[in-house]
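Engineer: First the structure, then my questions, so here it is.
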Amino acid sequence: MEGRLKIVLVHNTYQQPGGEDIVFEQECRMLEQAGHQVVTYCRSNWDAESYRGIRLVSLAKRTVWASDTRKEFKKLLQREKPDIVHVHNTFVMISPSIYSACYEAKVPVVQTLHNYRLFCPAATFFRDGKVCEECVESSLWQGVKHACYRQSYSASAVVALMLASHRLRDTWKREITCFVALSEFARNKFVQAGLPREKIFVKPNFVSPDPSARTGPGDYALFVGRLSPKKRVETVLDAWKRLTVSIPILIIGGGPDRAQLEARAAREGLANVHFKGPLPRDQTLAAISSARFLVFASEWYENFPVTLVESFACSTPVICSRMGVMEEIVDDLRTGLHFTPADPDDLARKVEWAWTHPDEMRAMGEQARKNYEAKYTAEQNYPVLIEIYKHALQTSRI
9 MEGRLKIVLV HNTYQQPGGE DIVFEQECRM LEQAGHQVVT YCRSNWDAES YRGIRLVSLA
69 KRTVWASDTR KEFKKLLQRE KPDIVHVHNT FVMISPSIYS ACYEAKVPVV QTLHNYRLFC
129 PAATFFRDGK VCEECVESSL WQGVKHACYR QSYSASAVVA LMLASHRLRD TWKREITCFV
189 ALSEFARNKF VQAGLPREKI FVKPNFVSPD PSARTGPGDY ALFVGRLSPK KRVETVLDAW
249 KRLTVSIPIL IIGGGPDRAQ LEARAAREGL ANVHFKGPLP RDQTLAAISS ARFLVFASEW
309 YENFPVTLVE SFACSTPVIC SRMGVMEEIV DDLRTGLHFT PADPDDLARK VEWAWTHPDE
369 MRAMGEQARK NYEAKYTAEQ NYPVLIEIYK HALQTSRI
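Residue numbers for the sequence shown follow the numbering used here, so the first one is 9 and each next one is one higher.
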């Protein structure tokens, strides 16, 4: 690969903005700053709101194969003649139809695997409060039977049909040149589910611009995340009930569980628990910088929580569940502490120890910052992405 590339970046944004949208914007900016020509192709799931009544049938069809998008994307490829297409998300409005347009035009495709959608209609491997991999172990019918996507049997059936259709035509293996997994844990999960190991490369998320290291020890604990069942704020509240030391915690984020969590905290007299709602990213980073430590209590297979790396960038250590990618990112007793998932007693013990050992936590924060500088900056991330592009280009010429 010589010189600068022309890259089409593809992303279907969600109605609720999240980490994927941040990563897409950051990678676009990183590539442009390195001198590459970037063309973006974006759609929004807010467009799905116009599909009502009988038009829902059309929305179901486009989830599987959006002919208009494929035609539009084919014209884009003919006009721009890119070296490579990098896809972040096609669900719902773009659809996997664009892969065939790339295949036909002989343009290599890199696909970032931000979630587990290729093998789970809910994209999370999580159901009824626990990890679930039945759609991999059995069939996609399990996701329909349990209404895993938006608690809707019909919507789950549409997603399952999309996945089954593209498995049948071998879209993922035939039309995608290589995949980007965000961690070794995620890579292993995708291999177990059926993707070829040799086509999956690991490139973590990164944080840019650098928010810089904090200067003080922090005077509260912090939770940042969507207030939904899989994030397990319930476990955090259970732990705070058990504390024998008075420790304030700020909870930043919105979501479906917010009202009931606030009501529970008020009912149980948890005066040290303060709900701040969703905040702009700069205010969230400022809150992370002023925290003594971050609490991350998820009990599902998080793919790569940007919040953890943001915390490292601010030199704020993390107390997290001992599972999945959290265990991979946070080194126990070095950049933070692990606790047994769904065990509020263990979480309470770790929180109290962290609060009463500020020197040790400061040292962990300093190590977390070094970890960020070594792995999770744009400067460290860029050459990894370029090597993946190089592999995709070389593979497409064989």
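Glycine is no exception: its CB is placed at the ideal position from the N, C-alpha and C atoms.
Output the residue ranges of the alpha helix (DSSP H) runs that lie fully inside the segment 340 to 366 and measure 4 residues or longer, sorted by chain position.
Structural biologist: Listed in chain order, the complete alpha helix (DSSP H) runs (minimum 4 residues) inside the segment 340 to 366 are 352 to 364.
Engineer: Between V241, Q41 and T21, which lies nearest to R12 when the distance is taken from Cα to Cα?
Structural biologist: Per the Cα distances, Q41.
Engineer: Give the secondary structure of R63 by DSSP, where H, G and I count as helix, E and B as strand, and everything else as coil.
Structural biologist: Per-residue confidence for R63 stands at a pLDDT of 47, beneath the threshold of 50, marking its modelled position as unreliable; the derived number appears in the next sentence. Note: R63 maps to helix in three-state DSSP.
Engineer: Since W308 and V152 are thought to touch, with beta carbons under 8 Å apart, how far apart are those beta carbons, to the nearest angstrom?
Structural biologist: Contact doesn't hold; Cβ gap of about 20 Å is too wide.
Engineer: For R182 and E374, what's the separation of their Cα atoms in angstroms?
Structural biologist: Whole-angstrom Cα-Cα distance: 45 Å.
Engineer: Taking the alpha carbon of V210 as the reference point, which residue from N20, L17, I394 and T403 has its own alpha carbon closest?
Structural biologist: Residue I394 is the option with its Cα nearest to V210.
Engineer: Would you grab the beta carbon distance between A274 and R377 for me? Rounded to a whole angstrom, and I think it's under 8 Å.
Structural biologist: Actually they do not touch by this definition, with Cβ atoms about 36 Å apart.
Engineer: For M331, I'd like the list of residues in its chain whose CB is within less than 6 Å of its CB, leaving aside the five on either flank, ordered along the chain.
Structural biologist: P349.
Engineer: Take the Cβ of Q412 as the centre, count every other Cβ of all protein chains shown within 10 Å, and call the residue buried at 16 or more, exposed below.
Structural biologist: An answer regarding residue 412 cannot be provided, because it is not within the stretch 9 to 406 covered by the chain.
Engineer: For a minimum of 3 consecutive residues, which ranges assigned as the beta strand (DSSP E) are wholly contained in the segment 209 to 289?
Structural biologist: You should have 229 to 232, 257 to 260 and 281 to 285.
Engineer: The beta strand (DSSP E) spanning H94 covers which residue range?
Structural biologist: Where H94 is concerned, the enclosing beta strand (DSSP E) stretches over I92 to N97.
Engineer: Tell me which same chain residues have a C-beta within less than 7 Å of the C-beta of P90, skipping the five on either side of it?
Structural biologist: Correct list, in chain order: K14, I15, V16, V47 and V115.
Engineer: I need the straight-line Cα distance from S323 to N196, nearest angstrom please.
Structural biologist: Looking at the two C-alpha atoms, the distance is approximately 29 Å.
Engineer: Roughly how many angstroms lie between the CA atoms of P391 and P212, to the nearest whole one?
Structural biologist: Whole-angstrom Cα-Cα distance: 12 Å.
Engineer: Using the DSSP secondary-structure output, state which residues sit across from H19 in a beta bridge.
Structural biologist: Beta-bridge pairing links H19 to C50 and N97.
Engineer: State the start and end residues of the unbroken beta strand (DSSP E) segment that holds A189.
Structural biologist: It spans C186 to A189 - the beta strand (DSSP E) in which A189 sits, taken as one unbroken run.
Engineer: Following a CB-centred definition, is Q375 positioned closer than 7 Å to any heavy atom of the ligand FMN?
Structural biologist: Among the ligands in the structure shown, none appear at all, so the ligand FMN cannot be discussed.
Engineer: According to DSSP, which residues form a beta bridge with V338?
Structural biologist: V338 is not bridged to any residue.
Engineer: What residues are listed by DSSP as bridge partners for T120?
Structural biologist: V188, per the DSSP bridge assignment.
Engineer: Is it a yes or a no for the segment 229 to 242 touching the segment 252 to 263, going by three-plus beta-carbon pairs under 8 Å?
Structural biologist: Output reads yes: the segment 252 to 263 touches the segment 229 to 242.
Engineer: Give the DSSP-derived three-state secondary structure of V139 in the structure shown.
Structural biologist: If DSSP states are grouped into helix, strand and coil, V139 belongs with the strands.
Engineer: May I ask you to report which of helix, strand or coil DSSP gives Q45?
Structural biologist: In the structure shown, Q45 sits in a strand (DSSP, three-state: E or B).
Engineer: Using alpha carbons as the reference points, say which of E88, T98 and N311 lies closest to M113.
Structural biologist: In the sequence as presented, Met is not what sits at residue 113; that position holds Ala. Ranking the options by Cα distance to A113, first place goes to E88.
Engineer: With the cut-off set at 8 Å, would you say S329 and F347 are in Cβ contact?
Structural biologist: The answer is yes: Cβ separation under 8 Å.
Engineer: Looking at the secondary structure, which residues open and close the alpha helix (DSSP H) in which I102 lies?
Structural biologist: Neither: I102 is in no alpha helix (DSSP H) and is coded neither H nor E.
Engineer: Please go through the same chain and pick out, in chain order, the residues whose beta-carbon is closer than 6 Å to the beta-carbon of V93, but skip the five residues on each side of it.
Structural biologist: Within the same chain, V93 has close Cβ partners V16, C110, V115 and V117.
Engineer: May I ask you to report which of helix, strand or coil DSSP gives L39?
Structural biologist: L39 falls in the helix class under three-state DSSP.
Engineer: Quick test of your reading: I102 and V31, contact by CB under 8 Å. State the CB separation rounded to the nearest angstrom.
Structural biologist: Rounded, the Cβ-Cβ distance is 17 Å, inconsistent with contact.
Engineer: Kindly indicate the opening and closing residues of the beta strand (DSSP E) around S329.
Structural biologist: Per DSSP, S329 belongs to the beta strand (DSSP E) from V326 to S329.
Engineer: Return the bridge partner residues of K14 from the DSSP annotation.
Structural biologist: According to DSSP, K14 bridges with Q45.
Engineer: Does the beta-carbon distance from T385 to S147 come in below 8 Å?
Structural biologist: No, Cβ-Cβ distance for T385 and S147 is not below 8 Å.
Engineer: So which of D136, R135 and Y157 has the shortest CA-CA distance to F99?
Structural biologist: With distances taken between Cα atoms, F99 lies closest to Y157.
Engineer: Under a three-way DSSP split, which group does V115 fall into?
Structural biologist: It is coil, neither helix nor strand.
Engineer: How big is the Cα-Cα spacing for L64 and I106?
Structural biologist: Because L64 carries a pLDDT of 49, less than 50, the predicted location of this residue cannot be relied on, and the following value inherits that uncertainty. Rounded to whole angstroms, L64 to I106 spans 21 Å at the Cα level.
Engineer: For a test of the three-state rule: what should DSSP assign to F304, helix, strand or coil?
Structural biologist: In the structure shown, F304 sits in a strand (DSSP, three-state: E or B).
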